[in-house]
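K.L.:
This is the structure, below, for whatever I ask next.
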Amino acid sequence: MKRLGILLSGRGSNFLAIAKAIREQRLLGARIAVVLSNREDAAGLDAARDLKIPAFCIPSAGHKRREHDAEVMARLHQHRVDLICLAGYMRVITEEFVRAFPNRILNIHPSLLPSFPGLDAQRQALEYGAKVAGCTVHFVDEAVDHGVIILQKAVPIKEDDTVETLSARLLQQEHAIYPEAIARVLSGDYVIEDRRYVRRDK
Ligand code: GAR
């Protein structure tokens, strides 16, 4: 059984989509070992506690990034986590953290990377006048929103879209591709060639 560690900062709908996929046996051989948030007010923490999943806040405010990450890593080790899923974790993690879990940290981002990295990706796409938005699941490396891409899904932008309407349509696709990407990574049926994630049949 592979043990997932979820890191979030807010609502937690991607976390819940992963939990649902496990419940519905779309993510075989996985369980969520722990949910960590850097904010106590994250709704995702309450949702995890409702599901009886161990859930803790490790507050980031007022703490040095390295010290905070060291605490997070310690907690992930304590729960013997195999794969870490950033799910709306609105913090940049240190190189030490990335190196401690090589190709073992995934992130979901609400744009078709490398377009619109960073904050407010949906607003960036709208303001740029893009006609197609999307979402990306990628491995986390030392640069922000930069690692090897596992899965992407395109979502057309409508002329009357607002940040809210576009975000809602993107979120539906996020909920579909994140569990799928996790399943692919856990299967181990892939190689990474330069920047390319390539599926391999066993
Ligand atoms: C999601 O749209 C996720 O892609 C985004 O935050 C939202 C979290 O929602 N993440 C980022 O922007 C990371 N740079 P959720 O808490 O309901 O999963």
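Residue numbers (this note's numbering): 597 to 798.
Using N, Cα and C, we set each Cβ at its ideal position, and we do this for glycine too.
Values in this document were obtained by computation on a predicted structure and should not be read as measured data.
If you measure from the CB of D737, is any heavy atom of the ligand GAR nearer than 8 Å?
P.N.:
No, Cβ of D737 sits at least 8 Å from all heavy atoms of the ligand GAR.
K.L.:
Considering only their Cβ atoms, is the gap separating V630 from L604 smaller than 9 Å?
P.N.:
No, the pair does not count as a contact, with Cβ atoms beyond the cut-off.
K.L.:
Counting only beta-carbon atoms, is F693 nearer than 9 Å to chain C?
P.N.:
Included in the structure is just one protein chain, with no chain C present.
K.L.:
Who are the Cβ neighbours of R661 in its own chain at under 6 Å, not counting the five residues just before and after it?
P.N.:
For R661, where only same-chain residues beyond five positions count, the Cβ hits under 6 Å are T690.
K.L.:
Rounded to whole angstroms, what is the Cα-Cα separation between K754 and M597?
P.N.:
The straight-line gap from Cα to Cα measures roughly 42 Å.
K.L.:
Evaluate L747 with the Cβ neighbour count: other Cβ atoms within 10 Å of its Cβ, from every protein chain shown; 16 or more gives buried, anything less gives exposed.
P.N.:
Classification for L747: buried.
K.L.:
With DSSP run on the structure shown, which of helix, strand or coil describes N634?
P.N.:
In this structure, N634 counts as coil in the three-state DSSP scheme.
K.L.:
Suppose the cutoff is 6 Å on Cβ atoms and the five residues either side in sequence are ignored; what does the same chain contact list for Q720 look like?
P.N.:
Here the set comprises F712.
K.L.:
With distance defined between alpha-carbon atoms, name the residue in V787, R792, I614 nearest to I680.
P.N.:
When each option's Cα is compared against that of I680, the closest is I614.
K.L.:
Would G601 be called buried (16 or more neighbouring beta carbons within 10 Å of its own) or exposed?
P.N.:
Burial call: buried.
K.L.:
Which residues does DSSP list as the beta-bridge partners of I788?
P.N.:
The partner list for I788 (beta bridge, DSSP) reads Y793.
K.L.:
If you draw a straight line from the C-alpha of Y793 to the C-alpha of K749, how long is it?
P.N.:
Whole-angstrom Cα-Cα distance: 15 Å.
K.L.:
Could you give the uninterrupted runs of the alpha helix (DSSP H) lying entirely in the region 662-749, keeping only those of 4 residues or more?
P.N.:
You should have 691-696, 717-724.
K.L.:
For V736, which of E723, F697, V751, D756 has the nearest alpha-carbon?
P.N.:
Among E723, F697, V751, D756, the Cα nearest to that of V736 is on F697.
K.L.:
Got a sec? Which residues, its chain only, sit under 6 Å from Y685 by beta carbon, not counting five neighbours each side?
P.N.:
So the list reads L603, L604, S605, once near-sequence residues are dropped.
K.L.:
What does DSSP give as the partner residue(s) for V751 in the beta ladder?
P.N.:
Partner(s): A729.
K.L.:
Pairing CB atoms from the region 695-709 with CB atoms from the region 632-644, are three or more of them under 8 Å?
P.N.:
In short, these stretches do not touch, since the Cβ pair count stays below three.
K.L.:
A777: which of R676, R671, V744, Y724 sits nearest, CA to CA?
P.N.:
Ranking the options by Cα distance to A777, first place goes to V744.
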